[in-house]
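Contents: one structure, followed by commentary.
Residue numbers (the numbering used here), protein chains in the order written: chain L, 1 to 111; chain X, 112 to 226.
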């Protein structure tokens, strides 16, 4: 059974602090995606990581992928309240057409 | 670019009725569309994958006779929840992509409430 696990599940942090969200998966994959979901809304694409060692940054968020360790990280730098949301990683196995989501990390940034 | 439109946004109906949800890719051709279900405070669960012109592939535990999926064109897929019951109440989200390595683009979701 394919598993995609995120850690932590819930995160409350103060503004201006840093933190890293981890995404571990149990299948062979070179494709990993990060999404943001606001309450009651659908998903917004943040990052597409398509190779081992890929690193992408957008504003205060930076994502990386280690396909050998089957691990992706989403690093938050100097958090601001606007980053409060639920963040999902999603893995596309190298075989097949499916897309599997992680458990999600609910982030609350406190002023 | 890469806009996916989902309709309706919210539907409330009585138990026993059937509900159709549409998913359209507005500015690209979607070779593959996906249907997800999300319960409150949970992650997205893949229900089925559909390729244009072929039968949908359902995930284990998803009843194909209850959740009818039609992917009639490269820009439209529909999900029909047949004889809906309160336990089918959920947030249904579709997504579409144009190629194997392309990211999925998500619709705004449909909140389904069955009374």
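Even for Gly, the Cβ is constructed at its ideal location relative to N, Cα and C.
Quantities reported herein were computed from a predicted structural model and do not represent experimental measurements.
Mind checking whether residue i and residue j have CB atoms under 9 Å apart?
i             : j             : result
residue 69/L  : residue 46/L  : no
residue 96/L  : residue 23/L  : no
residue 99/L  : residue 145/X : yes
residue 84/L  : residue 107/L : yes
residue 149/X : residue 220/X : yes
residue 14/L  : residue 105/L : no
residue 201/X : residue 129/X : no
residue 67/L  : residue 51/L  : yes
residue 209/X : residue 136/X : yes
residue 20/L  : residue 75/L  : yes
residue 163/X : residue 143/X : yes
residue 94/L  : residue 30/L  : yes
residue 25/L  : residue 3/L   : yes
residue 188/X : residue 165/X : no
So is residue i buried or exposed if we call it buried at 16+ other beta carbons inside 10 Å?
i             : result
residue 214/X : buried
residue 155/X : buried
residue 109/L : buried
residue 55/L  : exposed
residue 121/X : exposed
residue 28/L  : exposed
residue 12/L  : exposed
residue 78/L  : exposed
residue 184/X : exposed
Can you tell me the Cα-Cα spacing of residue i and residue j, whole angstroms?
i             : j             : result
residue 49/L  : residue 141/X : 21 Å
residue 36/L  : residue 134/X : 20 Å
residue 205/X : residue 225/X : 19 Å
residue 175/X : residue 117/X : 21 Å
residue 114/X : residue 186/X : 11 Å
residue 216/X : residue 89/L  : 14 Å
residue 207/X : residue 131/X : 18 Å
residue 61/L  : residue 199/X : 36 Å
residue 59/L  : residue 222/X : 31 Å
residue 180/X : residue 86/L  : 28 Å
residue 1/L   : residue 197/X : 29 Å
residue 172/X : residue 159/X : 11 Å
residue 139/X : residue 190/X : 20 Å
residue 44/L  : residue 127/X : 33 Å
residue 203/X : residue 18/L  : 33 Å
residue 168/X : residue 111/L : 46 Å
residue 153/X : residue 119/X : 22 Å
residue 10/L  : residue 53/L  : 26 Å
residue 40/L  : residue 92/L  : 25 Å
residue 65/L  : residue 8/L   : 17 Å
residue 57/L  : residue 147/X : 28 Å
residue 157/X : residue 192/X : 15 Å
Just list the residues that DSSP pairs residue i with in beta bridges.
i             : result
residue 157/X : 147/X
residue 115/X : 136/X
residue 48/L  : 33/L
residue 55/L  : 64/L
residue 7/L   : 22/L
residue 12/L  : 108/L
residue 145/L : The structure shown does not extend to residue 145/L, since chain L is modelled only from 1 through 111, so no value can be given for it.
residue 131/X : 191/X
Starting from the N-terminal side, write out each stretch of the beta strand (DSSP E) that is 3 residues or longer and does not extend beyond the segment 67 to 108 of chain L. 71 to 76 and 85 to 92
Going along the chain, which unbroken runs of the beta strand (DSSP E) with 3 or more residues stay wholly within the segment 150 to 223 of chain X? 155 to 162, 178 to 184, 187 to 192 and 201 to 208
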